[in-house]
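Each remark here refers to the structure printed beneath this line.
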Amino acid sequence: MGIAATIQQPAEGLMVPGKKSLEPILKTENLWKLYRAGKVDVPALRGVNFAVAPGESVAVMGPSGCGKSSLLYVIGGLAQASKGRVLVDGNDLTAMSDAERTKLRRSKIGFVFQRFNLLPTLTAKGNIAIAQFIHGDGFDPHRFDVVTGLLGLAGRLQHKPSELSGGEQQRVAIARAIINEPKILLADEPTGNLDSKNSEVVLEMLRQLNKDLGQTIVMITHNPEATTYFDRVVHMRDGVIVDGVPAD
Amino acid sequence: MMGELIVRNLLHRPLRTLIGVLAVAVEVALVVLIVGLTSGLLTETAKRIEGIGADVMLQPPAASVFIGMTGAPMPIKIGDKLAELKYVQSVAPALLQFSSSGGVDVVYGIDSDSFRAVSGGFVFLQGHDMEGPDDLLVDDLAAAAKHIQVGDTFKLLNHDWHVAAIIEHGKGARLFVPLATLQDLVGAPDKASIFWLKCTRPEHTEDVMDEIRHLLPGYTVRPLSSLLSLMTSTNIPGLQTFIDAMIWLAVAIGLLVIFLTMYTTVIERTRDIGVLKSLGAGRAFIVRALLTESAGLCVMGIVAGVGLSYVVRAAFLAGFPTLSILITWPWILRAAGIALAGALLGASYPAWMASRKDAVEALSYD
Chain A
1 MGIAATIQQP AEGLMVPGKK SLEPILKTEN LWKLYRAGKV DVPALRGVNF
51 AVAPGESVAV MGPSGCGKSS LLYVIGGLAQ ASKGRVLVDG NDLTAMSDAE
101 RTKLRRSKIG FVFQRFNLLP TLTAKGNIAI AQFIHGDGFD PHRFDVVTGL
151 LGLAGRLQHK PSELSGGEQQ RVAIARAIIN EPKILLADEP TGNLDSKNSE
201 VVLEMLRQLN KDLGQTIVMI THNPEATTYF DRVVHMRDGV IVDGVPAD
Chain B
1001 MMGELIVRNL LHRPLRTLIG VLAVAVEVAL VVLIVGLTSG LLTETAKRIE
1051 GIGADVMLQP PAASVFIGMT GAPMPIKIGD KLAELKYVQS VAPALLQFSS
1101 SGGVDVVYGI DSDSFRAVSG GFVFLQGHDM EGPDDLLVDD LAAAAKHIQV
1151 GDTFKLLNHD WHVAAIIEHG KGARLFVPLA TLQDLVGAPD KASIFWLKCT
1201 RPEHTEDVMD EIRHLLPGYT VRPLSSLLSL MTSTNIPGLQ TFIDAMIWLA
1251 VAIGLLVIFL TMYTTVIERT RDIGVLKSLG AGRAFIVRAL LTESAGLCVM
1301 GIVAGVGLSY VVRAAFLAGF PTLSILITWP WILRAAGIAL AGALLGASYP
1351 AWMASRKDAV EALSYD
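First to last, the sequence lines map onto chains A and B.
If you're matching positions, the first sequence starts at 1 in this note's numbering and goes up one per residue.
If you're matching positions, the second sequence starts at 1001 in this note's numbering and goes up one per residue.
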């Protein structure tokens, strides 16, 4: 079933390949995002309709400037929508204040960025632990060990980001993003700064998280090969989604 | 975790942290030392005057508690009248004169016998009591500061004095000369600036003071026991204002440096702030993190400032033994409080600015 068709029937379930029909954990309805450039409003998103089922992995592709990152920031609650609705696990982000979106982001969203965005003063361990600290549940050593073991970071935890390779840094960033068991993991070109070998490692880890742990993932990428690791690929152009087909 | 983040942030830019710490240290040291110097000098002066051992002092009408500021308008014969009062054991007149040669001093012109009767006499470390008209007694601290030895000739008030003795400090002045010679030198024959009175028993102090008030209405009569509480900066016109101005200046230095430090910190960490926001850190978390970092920097500055105060005091006292710098815990705590408040105030705008940063813009900051 194509995503375009799915979003026309939001009340109905989504069909994820190999998974049961589920209510979407993420859904946008006629989502607009305008940026002010001088005296002109420049639309980055022009009525995006998009839905993701729990446990689904979706790759969003498109040329530079098509609105992929804007979509990610809006559905992640980092940016406010100009018009339309964003529903995350049933919560309407567009009706929320900045503080409420922050709270929701803390509990339901994990981010992975192209430039890793680790805090340079903290060690790998500190970078992961601070997410737990901000989440408010304190340091959970069991969860920490499971996640860092899963991502193969056990021997690198006392190193600062500047002492880690790009692949290791991105794995730390993934660990930080999933340490609090978010409902949705949003990744903004996570392999964009990595060589092909490290890209494969990171993509394989994302697939493992999705398949083994049922982690919902939405990833932006320029790399067509990367989409093969995902359940579905969505193409964007000029601020709208132009198709949505299951990946081969 | 917050503590680790703050410590690592402070260590990440050691030079910037050091500058911030130094600014707070200078702020704290300035407050502690300015107040310590003022109160130290006043307290030390008061203790020295108390050390004379008199029970009552008599000054001309409207005289200041800072006795060196008083001229010599009282006839010396008043002393005879005072000696006749009931409960008065002994009376010692003194003529006080400012001297600015080789430092600011108050020279006491005294009559050896009467001063000894009131004070119990000097403790002579070297030399002997005044015997000739040009004899000078110098206390040990002044002797060390001015490099004076017994037998030296010392020029004071445009007069050459013979240093007769080095005495133990704590008996009013640091320099003592014969009363008659000083009266001649300053053109105040048969005059005295002050009379020290020793009562037959300390309990009679009030009775003696009442008698003096009756005998010499309008004259200033004070018990020596209250001198310490009267010798405060608030009793010197303009001094408290000067101290307040210096404290505000110190606070302004600390506040501006902290502001600049935290402002540059926020600019430099713009991306980190975006990251924290992406992790779900709210405005309160970011404000708390930056204010705590500023407070941490301030605490290090306070510790350094207290240490610096003691080092500067030791250096001053080594160079100027007659100085007295009184460093007290109440003022250390007050200076710490002032510095902490200044640091939090200085960091509050950068923290507020950081908390309001747009997360998306912050994440794309280079």
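C-beta atoms are modelled at their ideal positions from N, C-alpha and C, and glycine is treated no differently.
May I ask which residues mark the beginning and end of the alpha helix (DSSP H) holding residue i?
i          : result
Lys1146(B) : 1140-1146
Gly65(A)   : Run containing Gly65(A): none; DSSP gives neither H nor E here.
Lys1155(B) : Run containing Lys1155(B): none in the alpha helix (DSSP H); it sits in the beta strand (DSSP E), 1153-1156.
Gln132(A)  : 124-135
Thr1200(B) : Looking at the DSSP string, Thr1200(B) is not in any alpha helix (DSSP H), and its letter there is neither H nor E.
Thr1220(B) : No alpha helix (DSSP H) contains Thr1220(B), which is instead part of the beta strand (DSSP E) from 1220-1223.
Gly1254(B) : 1239-1268
Closest to residue i by CA distance: which of the options is it?
i          : options                                        : result
Asp1358(B) : Leu1276(B), Ala1343(B), Gly1301(B), Ile1332(B) : Leu1276(B)
Pro1061(B) : Val1360(B), Leu1095(B), Ile1194(B)             : Ile1194(B)
Gln114(A)  : Leu213(A), Asp231(A), Glu225(A), Val202(A)     : Val202(A)
Arg1016(B) : Val1311(B), Arg1116(B), Met1262(B), Gly1319(B) : Met1262(B)
His135(A)  : Leu1279(B), Ser1364(B), Leu1333(B), Glu1131(B) : Leu1279(B)
Phe1320(B) : Gly1109(B), Leu1030(B), Lys1047(B), Leu1041(B) : Leu1041(B)
Glu1203(B) : His1162(B), Lys1086(B), Arg1116(B)             : Lys1086(B)
Gly110(A)  : Gly55(A), Ala173(A), Pro63(A)                  : Ala173(A)
Val259(A)  : Asn210(A), Pro54(A), Val48(A), Val146(A)       : There is no way to answer for residue 259(A), as the model of chain A reaches only from 1 to 248.
Ser1324(B) : Met1074(B), Leu1037(B), Gln1126(B)             : Leu1037(B)
Whole angstroms is fine: what's the gap from residue i's alpha carbon to residue j's?
i          : j          : result
Gly1151(B) : Leu1141(B) : 17 Å
Gly13(A)   : Ala177(A)  : Confidence at Gly13(A) is low in this model, with a pLDDT of 49, below 50, so its placement is unreliable and no value can be given for it.
Glu1027(B) : Leu1010(B) : 20 Å
Asn223(A)  : Met61(A)   : 8 Å
Thr228(A)  : Ile1258(B) : 52 Å
Val1221(B) : Val1118(B) : 17 Å
Leu71(A)   : Gly239(A)  : 9 Å
Gly2(A)    : Lys27(A)   : Per-residue confidence for Gly2(A) stands at a pLDDT of 34, beneath the threshold of 50, marking its modelled position as unreliable; the derived number appears in the next sentence. Gly2(A) and Lys27(A): Cα-Cα distance of roughly 15 Å.
Leu1215(B) : Pro1133(B) : 33 Å
Val1032(B) : Gly1305(B) : 9 Å
Val1088(B) : Val1056(B) : 10 Å
Asp248(A)  : Ala226(A)  : Confidence in Asp248(A) is poor, its pLDDT being 47 and thus under 50, which makes the residue's placement too unreliable to answer from.
Asn180(A)  : Arg1008(B) : 23 Å
Thr6(A)    : Ile1267(B) : Residue confidence is low: Thr6(A) scores 33 on pLDDT, short of 50, so the model does not pin down where it sits. Its coordinate-derived value is still stated next. Using only the alpha carbons, I get a separation of about 44 Å.
Leu1249(B) : Ala1335(B) : 13 Å
Ala1289(B) : Ala1351(B) : 8 Å
Val1091(B) : Gly1342(B) : 53 Å
Asn91(A)   : Arg46(A)   : 22 Å
Pro10(A)   : Ile25(A)   : Bear in mind that a pLDDT of 32 at Pro10(A), under 50, signals an unreliable position, so the number given afterwards is only what the model happens to contain. Near 11 Å, if we compare the C-alpha coordinates of Ile25(A) and Pro10(A).
Gln8(A)    : Glu200(A)  : The predicted position of Gln8(A) is uncertain, since its pLDDT is 29 and thus under 50; a value taken from the coordinates is nonetheless stated next. C-alpha separation (whole angstroms): 35 Å.
Ser1099(B) : Ile1212(B) : 31 Å
Asp1160(B) : Leu1255(B) : 52 Å
Arg171(A)  : Arg1313(B) : 55 Å
Ala37(A)   : Ala44(A)   : 12 Å
Leu1297(B) : Thr123(A)  : 21 Å
Lys68(A)   : Thr1270(B) : 23 Å
Gly1301(B) : Cys66(A)   : 51 Å
His1169(B) : Asn1158(B) : 24 Å
Leu1018(B) : Ala1252(B) : 18 Å
Pro1330(B) : Leu1030(B) : 15 Å
Ile1166(B) : Leu1179(B) : 18 Å
What are the residues that DSSP puts in a beta bridge with residue i?
i          : result
Ala1094(B) : Ile1110(B), Ile1194(B)
Arg85(A)   : Glu29(A)
Val1173(B) : Correcting the residue type first, residue 1173(B) is Ala in the shown sequence and not Val. Its beta-bridge partners are Lys1171(B).
Tyr35(A)   : Val42(A)
Thr216(A)  : Ile184(A)
Thr221(A)  : Met61(A)
Asp1105(B) : Ser1099(B)
Which residues bound the beta strand (DSSP E) around residue i?
i          : result
Leu1179(B) : First-last for Leu1179(B): 1179-1186, but that is the alpha helix (DSSP H), not the beta strand (DSSP E).
Gln1126(B) : 1124-1127
Val1306(B) : Counting along the chain, Val1306(B) falls outside any beta strand (DSSP E), though it belongs to the alpha helix (DSSP H) covering 1283-1319.
Ala154(A)  : That residue, Ala154(A), is in no beta strand (DSSP E); it is neither H nor E in DSSP.
Met1057(B) : 1056-1059
Residue i versus chain C: which residues are under 8 Å apart at the beta carbon?
i          : result
Met1002(B) : Here chain C cannot be found, since the structure's protein chains are A and B.
Q) Which full runs of the alpha helix (DSSP H) of 4+ residues lie inside the segment 166-207 of chain A, going along the chain? A) 166-178
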